[in-house]
Structure formats: C-alpha cells, structure tokens
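Residue numbers in the sequence shown follow UniProt numbering, run continuously in steps of one, and reach 264 at the last position.
In this text, a Cβ means the ideal position worked out from N, Cα and C, and glycines have one as well.
Remember, predicted model here, so these are calculated numbers, not experimental data.
See below for the structure under consideration.
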Amino acid sequence: MEYRPLEITLISAKDLKDVNLLSKMDVYAVVTINGDTQTKQKTPVDKDCGSNPNWNHIMKFTVDEAAANQNRLSFVIRLVSDRHFGDKDIGEVVVPIGELMNSKEKVLSYNVRMLNGKVKGTLNLSFKIGEKFCVPVAAPPYVAEKCKVGETPVMAYPAVGSSSAYPAPAPPPVAYPYNYPPPGGYPPPPQPYGYAPPPPAVGYGYPGYPPYGGYGYMPAQKPQKQLGTGAGLGLGLAGGLLGGLIVGEMVSDVDDALDDGFDF
Numbered sequence: 001m002e003y004r005p006l007e008i009t010l011i012s013a014k015d016l017k018d019v020n021l022l023s024k025m026d027v028y029a030v031v032t033i034n035g036d037t038q039t040k041q042k043t044p045v046d047k048d049c050g051s052n053p054n055w056n057h058i059m060k061f062t063v064d065e066a067a068a069n070q071n072r073l074s075f076v077i078r079l080v081s082d083r084h085f086g087d088k089d090i091g092e093v094v095v096p097i098g099e100l101m102n103s104k105e106k107v108l109s110y111n112v113r114m115l116n117g118k119v120k121g122t123l124n125l126s127f128k129i130g131e132k133f134c135v136p137v138a139a140p141p142y143v144a145e146k147c148k149v150g151e152t153p154v155m156a157y158p159a160v161g162s163s164s165a166y167p168a169p170a171p172p173p174v175a176y177p178y179n180y181p182p183p184g185g186y187p188p189p190p191q192p193y194g195y196a197p198p199p200p201a202v203g204y205g206y207p208g209y210p211p212y213g214g215y216g217y218m219p220a221q222k223p224q225k226q227l228g229t230g231a232g233l234g235l236g237l238a239g240g241l242l243g244g245l246i247v248g249e250m251v252s253d254v255d256d257a258l259d260d261g262f263d264f
C-alpha cells in the first residue's frame, strides 16, 4: 500500500462568532482525520486575538494515497473557545484531503460553519505533501502449495475451520479400582431433609453430653416421705381427743358461771 506524509499549517482564523458573553474569546483548533480521536492534534490557545486568532501551528500526518484520491479521507477542524467553566465549540471546517493533494495552490481559505449550519468567519491554512512510500501487505495465515490439475492443494498451515485446527480431545477420566477411594476420599452420605446429623460417639474426641444442670435445667429434688395410713389415723384420733377435752372444759366453765349467778 502507498502512503504519503502530509503536513498542514493552521495559520489563522478571521471574524469568528463570539460565543463568550462577557469576556474575550481564547480560541484553539482541534484537527482529526474523519473524526478519529487516534489522529487528534490541536493548536495552542491564542489568548490575545479574540475572534481573529493566529497560530501558525504545524501538524504532521500520514495518509493512504488511494483512500485520499477516492475522497474517503478528510480533515475535520473544530474551532473551540477555551473557558474556565467548560470549553465551547465555535464552528467547524471540513477539508477533503484529496482536494489538497490535487491543488496547485499551497495556501487555502475555508468558510467556518457554526453549529446551527450558518457560515461565519474563515480559516486560513497551508500544506505540504511528501514523497510516497510503500508498506508491504501482511502475508496470509496459510499458503497453498502448487499442485497439478485435479489434485487437492496441500496447506502449509491448517486452514481455519479444518479439523486439524482444533486441539486434540482431552483424555478420558482415570477409572479407580473399587478397593481404593478416589482422590480426596468419598463424600459424606446425604442427611435427611430438616434433621441435623447425629453426634459422634463418645471416645473419639467427643466428651459426651454435659452433666445435669449444664444447660440451665434445675436439679432434680428428692421426694419427701409420706406418712403411712396408720400414722395418719393415730394423729386424727389424738386430735379428736384433744378437741373433745377442750370442748368439755369450756362447757364445764359455762356451767360454773351459771351456778355463780352470772347473767349473759
């Protein structure tokens, strides 16, 4: 493929739209090829000339000559006002690169088109084209050897999509004998749903259940001895006799009082 170095100089702009309300504009220009940010270059900011900035700034590019001659490449030049609270676009100029390569004049002027589509101001630039040079095309990923008519060509490298282009299949899994567990041991048996597994037996690092009272339960109390039937009858008879004596004494006291002449 054939390429050419292309050098452009952004000289100045004149009578641009003033997009600042209070202060004077500080203008700079940003240049790309077809808007590609990888090709972006920009001029310094002119802080003195307001709507008529001067730069005389040189930018160097390398362009595909065939694409330029087919009008598929253009310089996109944006004019921007540098501001403290956010830059603001002033206008834009689109310069077809093929037009520069076929132009006899080396200094050109282009109208500046604002964002609303109206034309306001001009941009002045010059350019210089270098000698073309070639870049070899990369070789294909595989090359077919020459063969006779009717024979299938032999590929020096496997073609894309052929079976040989894929890696060898993975080896089958290793079968272990029944006498030995697989690496890592056998997995634990599944537990019934909703139940916790039983605790291990005492003697293999498990201390067993805690003694009584270890979980906040009250210790069991010894039952009190109850009196037998004979003892109960004896206590009942003794109480009856004692009560009869007391009642008898009270009756005797009342009779004595009546005999003494007390009046109730």
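Where DSSP assigns a beta bridge to residue i, which residues make up the other side?
i: Asp-87; result: Looking at the DSSP assignment, Asp-87 forms no beta bridge with any residue, so it has no partner.
i: Met-59; result: Ile-8
i: Ala-13; result: Leu-123
i: Asn-54; result: Ser-12
i: Ala-29; result: Leu-79
i: Pro-96; result: Ser-74
i: Cys-134; result: Glu-2
i: Asp-46; result: Val-27
i: Lys-128; result: Glu-7
Please state whether the Cβ-Cβ distance between residue i and residue j is less than 7 Å.
i: Phe-133; j: Leu-100; result: no
i: Lys-88; j: Val-31; result: no
i: Ala-68; j: Gly-35; result: no
i: Ile-90; j: Lys-17; result: yes
In this structure, how does DSSP classify residue i when only helix, strand and coil are distinguished?
i: Asn-111; result: strand
i: Glu-105; result: coil
i: Glu-2; result: strand
i: Asn-20; result: coil
Enumerate in chain order the residues of its own chain whose CB-to-CB distance from residue i is below 7 Å, with the five nearest sequence positions on each side excluded.
i: Pro-96; result: Asn-71 and Ser-74
i: Gly-216; result: Only weak support is given to the placement of Gly-216: the predicted model assigns it a pLDDT of 48, under 50, and the value that follows is read from those uncertain coordinates. Taken in chain order, the list of residues that qualify is empty.
i: Lys-47; result: Asp-26
i: Gly-121; result: Ala-13, Lys-14, Asp-15, Leu-16, Lys-17, Gly-91 and Val-112
Among the residues of its own chain, which have a CB less than 8 Å from the CB of residue i, if the five just before and after it don't count?
i: Val-45; result: Asp-26, Val-27, Tyr-28 and Asp-82
i: Thr-62; result: Tyr-3, Arg-4, Pro-5 and Leu-6
i: Ser-163; result: Because the pLDDT at Ser-163 is just 46, under 50, the model does not fix this residue reliably, and the value given afterwards should be weighed accordingly. Same-chain partners within the cutoff: there are none.
Less than 6 Å between C-beta atoms, sequence neighbours within five positions excluded: which residues of the same chain meet that for residue i?
i: Leu-123; result: Ala-13, Val-93, Tyr-110 and Val-112
i: Lys-40; result: Thr-32
i: Ile-77; result: Ala-29, Val-31 and Val-93
Using 8 Å as the threshold, is the stretch 77-94 in touch with the stretch 10-30, meaning 3 or more CB pairs across them?
-> yes
The stretch 50-62 contacting the stretch 9-20, beta-carbon criterion three pairs below 8 Å | yes
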